[in-house]
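Quick note: this note's numbering has the sequence shown finishing at residue 781, numbered continuously throughout.
Idealized CB from N, CA, C, for every residue including glycine.
All figures in this text were calculated on a predicted structure; none of them were measured in a lab.
The next block holds one structure in the form of structure tokens; read it before the comments.
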Amino acid sequence: MKYYRKSVFRMALRSRGSVMGAVLIIGLGIFVLVSMMDTLWNLRSQILRFYREQGMADVFAEVSAISDVELERIKEIPGIAEASGKIGRDIRIYGKGMEGIVTVHLLSFDDAETLNQPILSRAFVSDTDLFLGKRMEEAYHYASGTELRLLVGGESRTFYMAGTVVQPDYIYSVPPGGSMIPDGRVYDIAMIRRSRLEALTGTRSLNELGFRLRPGYRFSDVRMQLTAALKPYGLSLLSERAEQTSCHMVEGEFQELIATGTVVPLIFMGISVFMLYVVLEKLIRQERCRIGTMKAFGMTDGELLSGYLLEGLLIGLSGAVLGGLLAGGFGRYMFALYCDYFNLPDTQYHDYLYSRLFGIGIAVFTATLAVLAGIREILCITPAMAMRPKSPDRIRELRLPDWAERRLSFLSRLAIRSMGRNLLRSVLIILAAAFPFAMASVLFSFRGIVRNMLSDEFNRTEIYDLQLELDHCTSPITLRNTGRELRGVSRSEAVFQAPVLLEKGAVSEYSVLTGLNDGEALWRILDRDGHFHAPPQDGVILNRKTADKLHVERGDEIYATLPGHSVRSRAVRVTDIVQEPLGDGEYVALPAFPEVLGIPPVANKLLLKAEKGELSLLRRETEKASRLRFLVDMQRAEGSYSSMMGSMYIMMDAFALMAFAAGAILILNISAISLRERMNEIVTLRIMGATRGEISRMLLMELIALTLAGILLGIPGNWGLRRLLETVMISDSYDIRLPMDGGACMAALLFCLLMALYAWHRETHLLDSMQLTDALKERE
Numbered sequence: 002m003k004y005y006r007k008s009v010f011r012m013a014l015r016s017r018g019s020v021m022g023a024v025l026i027i028g029l030g031i032f033v034l035v036s037m038m039d040t041l042w043n044l045r046s047q048i049l050r051f052y053r054e055q056g057m058a059d060v061f062a063e064v065s066a067i068s069d070v071e072l073e074r075i076k077e078i079p080g081i082a083e084a085s086g087k088i089g090r091d092i093r094i095y096g097k098g099m100e101g102i103v104t105v106h107l108l109s110f111d112d113a114e115t116l117n118q119p120i121l122s123r124a125f126v127s128d129t130d131l132f133l134g135k136r137m138e139e140a141y142h143y144a145s146g147t148e149l150r151l152l153v154g155g156e157s158r159t160f161y162m163a164g165t166v167v168q169p170d171y172i173y174s175v176p177p178g179g180s181m182i183p184d185g186r187v188y189d190i191a192m193i194r195r196s197r198l199e200a201l202t203g204t205r206s207l208n209e210l211g212f213r214l215r216p217g218y219r220f221s222d223v224r225m226q227l228t229a230a231l232k233p234y235g236l237s238l239l240s241e242r243a244e245q246t247s248c249h250m251v252e253g254e255f256q257e258l259i260a261t262g263t264v265v266p267l268i269f270m271g272i273s274v275f276m277l278y279v280v281l282e283k284l285i286r287q288e289r290c291r292i293g294t295m296k297a298f299g300m301t302d303g304e305l306l307s308g309y310l311l312e313g314l315l316i317g318l319s320g321a322v323l324g325g326l327l328a329g330g331f332g333r334y335m336f337a338l339y340c341d342y343f344n345l346p347d348t349q350y351h352d353y354l355y356s357r358l359f360g361i362g363i364a365v366f367t368a369t370l371a372v373l374a375g376i377r378e379i380l381c382i383t384p385a386m387a388m389r390p391k392s393p394d395r396i397r398e399l400r401l402p403d404w405a406e407r408r409l410s411f412l413s414r415l416a417i418r419s420m421g422r423n424l425l426r427s428v429l430i431i432l433a434a435a436f437p438f439a440m441a442s443v444l445f446s447f448r449g450i451v452r453n454m455l456s457d458e459f460n461r462t463e464i465y466d467l468q469l470e471l472d473h474c475t476s477p478i479t480l481r482n483t484g485r486e487l488r489g490v491s492r493s494e495a496v497f498q499a500p501v502l503l504e505k506g507a508v509s510e511y512s513v514l515t516g517l518n519d520g521e522a523l524w525r526i527l528d529r530d531g532h533f534h535a536p537p538q539d540g541v542i543l544n545r546k547t548a549d550k551l552h553v554e555r556g557d558e559i560y561a562t563l564p565g566h567s568v569r570s571r572a573v574r575v576t577d578i579v580q581e582p583l584g585d586g587e588y589v590a591l592p593a594f595p596e597v598l599g600i601p602p603v604a605n606k607l608l609l610k611a612e613k614g615e616l617s618l619l620r621r622e623t624e625k626a627s628r629l630r631f632l633v634d635m636q637r638a639e640g641s642y643s644s645m646m647g648s649m650y651i652m653m654d655a656f657a658l659m660a661f662a663a664g665a666i667l668i669l670n671i672s673a674i675s676l677r678e679r680m681n682e683i684v685t686l687r688i689m690g691a692t693r694g695e696i697s698r699m700l701l702m703e704l705i706a707l708t709l710a711g712i713l714l715g716i717p718g719n720w721g722l723r724r725l726l727e728t729v730m731i732s733d734s735y736d737i738r739l740p741m742d743g744g745a746c747m748a749a750l751l752f753c754l755l756m757a758l759y760a761w762h763r764e765t766h767l768l769d770s771m772q773l774t775d776a777l778k779e780r781e
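Rendered as structure tokens:
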């Protein structure tokens with residue numbers, strides 16, 4: 002038994018290229034699996050611990066104003082265990098090095114708060130202490146004691162940098178105006194004492210509320226009563242923790258990590274099963290006489306199988322160890338990428354033993370599955386089979402058309418018949434080419450697709466240069482005319498945007514309603530298929546995500562309430578439903594507000610398009626305004642999106658290169674095994690007078706033909722993978738449509754042909770090592 006196992010391992014060493022290929026493919030899958038799992042576990046464990054330790058609320062609400070006494074009464078609702086609140090305002094800030102309009106979401110600090118407690122880098126010492134969010138602090142590197150000024154109600158108030166603050170419900174803090182990317186240079190949270198913020202705003206009322214539920218209660222149990230209790234105070238938002246803006250964005254990133262960390266490793270594990278199966282099936286075919294002899298000496302099937310199972314276990318274990326060792330660096334890169342956008346108090350990366358043990362388990366299971374599939378022929382081998390080699394399989398001769406027989410050379414016809422005779426080998430090489438082509442043609446297209454998506458957003462949908470958000474509502478005509486008076490302006494347009502409560506039966510959803518102008522507007526509605534939609538005069542356009550949550554379709558009637566603008570809900574008809582590539586929102590024509598919403602036309606945002614070469618002048622002009630909450634510089638916003646996507650490009654390109662590596666390993670090993678099996682055929686051709694160059698051209702023709710067939714098969718694979726990624730990558734931030742990209746397909750085609758040429762190059766080296774006397778030897 003011991004000697005037979007040694008024989009099995011000696012055979013594996015003779016095919017060490019194939020064995021190493023299987024180890025590398027398993028290692029690639031485990032590499033992705035472990036790095037994604039470690040990134041996810043590091044982020045999730047630190048965020049959940051942050052939530053738990055700082056008393057993250059279960060339910061969140063935003064109101065116009067509510068006093069502490071009135072908030073305390075909310076606790077009388079069954080299921081509400083605790084209630085807490087803050088004052089929160091978007092306020093402009095000035096400091097050394099700040100350019101343009103910079104805004105902070107200023108929050109009040111109160112020692113008595115029990116929910117959503119912040120973490121400060123140090124305690125408050127003075128009433129002029131101001132704590133900045135970590136992202137803004139990292140952008141400007143302010144030292145303690147640096148002077149900072151807040152512009153409130155047209156007056157400047159002086160504070161001093163005291164340290165940094167992180168808040169559990171603002172881990173992912175994005176500016177108003179629809180941006181999905183955090184940018185610490187222009188927006189972040191800040192915190193001062195509650196007494197100072199009350200003095201600045203002239204009110205002691207709270208507007209950002211949090212509630213903790215009693216054990217056994219869910220959000221659905223208290224939603225209706227909370228809505229009724231908070232409506233008198235100007236309720237504009239009510240959501241459970243999972244739907245709170247920051248939590249929802251964080252959870253969306255978690256789901257993408259889970260999807261990526263599951264789909265990609267599964268693909269590589271499937272390839273490794275395929276690879277091991279081919280290797281072991283060839284080994285069994287070569288060893289059938291020895292296996293029959295061992296059975297004649299009394300060895301059982303279980304004893305014979307054990308040697309190959311042990312080999313498979315070692316291959317799986319080696320791949321898992323290799324992938325686990327290399328995963329740490331990529332995991333740290335991914336973790337650092339997410340930490341650039343998450344405000345976390347602890348950003349220590351940990352290498353988890355559990356993920357590596359799980360990877361080992363997956364790799365061993367995969368290898369064992371491949372071994373069992375590849376060595377089942379052992380059960381069919383009898384001692385009598387040891388007396389002779391296996392009879393060749395009966396193959397129907399492939400007949401070529403007469404025109405092909407006349408025009409093709411002898412070796413070309415032989416190459417075509419060889420592909421037909423050994424269908425298994427041909428199919429394996431076709432699949433080995435189809436896999437990297439399908440994956441790479443999709444992943445390589447990611448860069449162009451995102452670039453086109455951003456171009457549509459910033460050059461076709463929102464074609465203005467600056468968006469100014471006011472701290473009040475005014476007449477659209479007055480606001481538009483004010484914008485036209487600014488120097489450097491070529492076009493000015495007033496729009497409206499505010500939270501809206503949409504209801505259909507017992508289902509309700511908070512969203513953002515945008516009032517737009519029809520015609521040649523600076524802000525237009527563009528769906529992901531590239532079609533423009535005019536803002537409706539007799540109803541509302543809903544985003545597909547909102548429509549699905551409300552279970553409504555085009556033509557249905559819903560009820561809309563604008564907190565702070567309308568007292569009661571109003572029936573509105575859904576005129577259309579669109580899918581937007583970036584963000585989501587609901588749209589109404591601004592002049593139609595009286596008929597649709599029952600309120601006069603109002604505007605709170607000013608869109609400005611600069612004259613050619615005058616954008617810098619226009620930026621300086623807007624800095625003089627005192628009633629602005631926030632400014633969106635579209636050039637800077639586009640740069641932020643591109644910067645974030647730059648890291649995603651690297652990851653997608655890395656996955657594509659991994660796919661090519663796996664495909665190259667498959668083609669190299671399958672072609673090498675096939676060439677060894679065809680030794681008698683190759684040497685016979687040499688004896689009959691075929692030159693090395695002619696045989697090399699025959700082998701090249703076979704590989705190129707099979708690779709091209711694999712590329713054709715990869716086209717439907719490309720379609721399936723695009724549909725899968727569209728499903729996996731969908732989120733509330735974006736809705737990516739992945740059309741087939743010709744440039745990416747050409748790049749993938751080129752890489753596949755290079756793989757085939759390299760495999761052919763390796764075949765020519767094996768061809769040079771063959772001697773004419775090898776035809777007289779028995780194939781081992």
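Identified DSSP bridge partners for residue i
| i | result |
| --- | --- |
| glycine 211 | Phe61 and Ser85 |
| tryptophan 524 | Glu463 |
| isoleucine 316 | None; isoleucine 316 has no bridge partner. |
| isoleucine 67 | Leu207 |
| alanine 243 | Note: alanine 243 sits in no beta bridge, so no partner. |
| threonine 562 | Leu502 |
| isoleucine 190 | His106 |
Beta-carbon proximity list for residue i, same chain, < 7 Å, skipping 5 on both sides
| i | result |
| --- | --- |
| glutamate 622 | Leu487, Arg488 and Gly489 |
| proline 601 | Phe594 and Pro595 |
| glutamate 779 | In this predicted model, glutamate 779 has a pLDDT of only 47, less than 50, meaning its place in the structure is not dependable; the value taken from the coordinates is given anyway. No residues qualify anywhere along the chain. |
Euclidean distance between Cα positions of residue i and residue j
| i | j | result |
| --- | --- | --- |
| alanine 710 | isoleucine 431 | 6 Å |
| histidine 552 | proline 537 | 20 Å |
| serine 770 | phenylalanine 343 | 58 Å |
| phenylalanine 125 | leucine 722 | 54 Å |
| serine 36 | glycine 329 | 6 Å |
| phenylalanine 275 | alanine 433 | 10 Å |
| valine 64 | serine 206 | 10 Å |
| alanine 144 | methionine 162 | 7 Å |
| glycine 189 | glutamate 83 | The question names glycine, yet the displayed sequence has aspartate at residue 189. Those two C-alpha atoms are separated by around 27 Å. |
| leucine 424 | tyrosine 278 | 16 Å |
| glycine 640 | leucine 676 | 53 Å |
| glutamine 498 | glutamate 554 | 23 Å |
| arginine 545 | alanine 58 | 29 Å |
| leucine 34 | leucine 131 | 43 Å |
Proximity winner among the options, relative to residue i (alpha-carbon distances)
| i | options | result |
| --- | --- | --- |
| isoleucine 651 | Asp539, Leu444, Gly506 and Asp742 | Leu444 |
| glutamine 245 | Phe220, Tyr278, Glu139 and Leu149 | Phe220 |
| tyrosine 588 | Pro717, Ile542 and Arg693 | Ile542 |
| aspartate 111 | Met99, Glu100, Asp128 and Val105 | Asp128 |
| serine 413 | Arg224, Met702, Thr728 and Gly718 | Met702 |
| serine 617 | Leu210, Tyr642, Asp634 and Arg630 | Asp634 |
| glutamate 252 | Ser46, Leu415, Asp130 and Ala749 | Ser46 |
| aspartate 466 | Tyr350, Arg529, Ala439 and Glu612 | Glu612 |
| glutamate 199 | Leu108, Val60, Ile182 and Gly718 | Leu108 |
| serine 174 | Asp91, Thr147, Ser122 and Arg194 | Asp91 |
| valine 264 | Met454, Arg724 and Ala757 | Arg724 |
| alanine 419 | Met699, Ile259 and Thr462 | Residue identity check: residue 419 is serine in the sequence provided, not alanine. Among Met699, Ile259 and Thr462, the Cα nearest to that of serine 419 belongs to Met699. |
| threonine 515 | Gly531, Glu463 and His532 | Glu463 |
8 Å CB neighbourhood of residue i in its chain, flanking five on each side removed
| i | result |
| --- | --- |
| tyrosine 511 | Ser237, Leu238, Leu239, Ser240, Pro500, Val501, Leu502 and Leu503 |
6 Å Cβ shell around residue i - same chain, five flanking residues per side excluded
| i | result |
| --- | --- |
| arginine 574 | Gly540 and Glu558 |
| arginine 197 | Asp128 |
| tyrosine 141 | Gly98 |
Cβ-heavy atom distance, residue i to the ligand MG, below 8 Å
| i | result |
| --- | --- |
| leucine 354 | The ligand MG is not part of the structure shown, which contains no ligands of any sort. |
Quiz prompt | Length at least 4, wholly inside the region 623–697: the alpha helix (DSSP H) runs in chain order | solution = 635–678 and 680–688
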